[in-house]
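First up is the structure itself, then whatever we jot down about it.
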Amino acid sequence: SKLLSAGTLTWKFLSCFVAFFCIDRFGRRVCFIVSGAGMAMCMVALAVATSFHDNYGASIAAAFFVYLFCFFTPIGFLGANFLYCTEVAPIRLRVAMASISTANHWLWNFAVAMITPVAINNIGYKYYIVYACIGSCIPITVYFLYPETKGRSLEELDTIFKDSPSVLGTVKYAKYKPMMTAEEVPYAKTSEHIHEEKV
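Below, the structure written as structure tokens:
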């Protein structure tokens, strides 16, 4: 078990490089959707595999899906999540929102670490179903509510959120809105700093 635990952390670290290469090639939305769907699938498989007690084949399958889960997690939620928060935040609130999102991330990690041993002892394999449900909500939420930020300037993203017709219409609005330079962004002309870099 010690070897497996050490291996999962090493594997998760190596899997972080997948996100490094995918975020700017495929976009943030794709990373979130693939990561969420992959994690949900792994949790379903873990629930099934761990429901068979004293079964060697099921134990091997469970270990495999733990490693597969550690592969999918960093794609969207050990890099892209922190990046996305700073991109969609209003410029004046960017530092505060980045701090809150980082604290939130690690507080939930702490909560999961404390709850998991108790939950496994009490409800066993059913505990994984909870995370399967949470993971399955991620692709749906991202598809309808998370506009793509790849290639957009920070001021341009501000205009997208300000000019969007509705909360549910933001994704579609961002999808069909042409890329703009910093000079073309109306809000950038009055802002204190103009960020010409693309996020």
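First residue of the sequence shown? That's 1 in full-length UniProt numbering, and the numbers climb one at a time after it. For glycine and all other residues, C-beta sits at the position ideal for the given N, C-alpha and C.
Cβ neighbours of residue i in the same chain (closer than 8 Å, five flanking residues each side left out)
{"i": "Val66", "result": "Leu4, Thr8, Cys42, Leu46"}
{"i": "His193", "result": "Residue confidence for His193 is low, a pLDDT of 48 falling below 50, so the modelled location carries little weight; the figure read from the coordinates is stated next. Cβ within range, chain order: Ile91."}
Where residue i falls: helix, strand or coil (DSSP)
{"i": "Phe52", "result": "coil"}
{"i": "Val167", "result": "coil"}
{"i": "Ser5", "result": "helix"}
{"i": "Gly27", "result": "coil"}
{"i": "Arg152", "result": "coil"}
{"i": "Ala89", "result": "coil"}
{"i": "Gly76", "result": "helix"}
{"i": "Met41", "result": "helix"}
{"i": "Pro178", "result": "coil"}
{"i": "Gly135", "result": "helix"}
{"i": "Tyr84", "result": "helix"}
Presumed contact (8 Å Cβ cut-off) between residue i and residue j, rounded CB distance
{"i": "Lys12", "j": "Pro74", "result": "6 Å"}
{"i": "His105", "j": "Asn81", "result": "7 Å"}
{"i": "Arg170", "j": "Pro147", "result": "At residue 170 the sequence reads Thr, which differs from the Arg that was named. Right, the Cβ-Cβ distance comes to about 5 Å (below 8 Å), so this counts as a contact."}
{"i": "Cys22", "j": "Cys31", "result": "6 Å"}
{"i": "Ala19", "j": "Leu78", "result": "7 Å"}
Beta-carbon proximity of residue i to residue j, cut-off 8 Å
{"i": "Arg28", "j": "Thr149", "result": "yes"}
{"i": "Ala132", "j": "Val44", "result": "yes"}
{"i": "Gly125", "j": "Ser51", "result": "Here the sequence assigns Tyr to residue 125, which means Gly is not the residue at that position. Their beta carbons are under 8 Å apart, which means Tyr125 touches Ser51 by this criterion."}
{"i": "Met180", "j": "Gly151", "result": "no"}
{"i": "Gly135", "j": "Gly76", "result": "no"}
{"i": "Ile91", "j": "Leu14", "result": "no"}
Cβ neighbours of residue i in the same chain (closer than 6 Å, five flanking residues each side left out)
{"i": "Gly38", "result": "Phe72"}
{"i": "Ile120", "result": "Tyr127"}
{"i": "Arg94", "result": "Thr86"}
Close beta carbons around residue i, own chain, < 7 Å, minus the five adjacent residues each side
{"i": "Ala111", "result": "none"}
{"i": "Asp24", "result": "Lys150"}
{"i": "Met97", "result": "Cys85, Ala89"}
{"i": "Leu168", "result": "Phe144"}
Residue-level contact to chain B via CB, residue i, 8 Å cutoff
{"i": "Met97", "result": "Reference to chain B is not applicable here, since this structure consists of a single protein chain."}
Taking 8 Å as the cut-off, does the segment 54-66 touch the segment 85-92 (at least 3 CB pairs, one atom from each stretch)? Contact fails: fewer than three Cβ-Cβ distances are below 8 Å.
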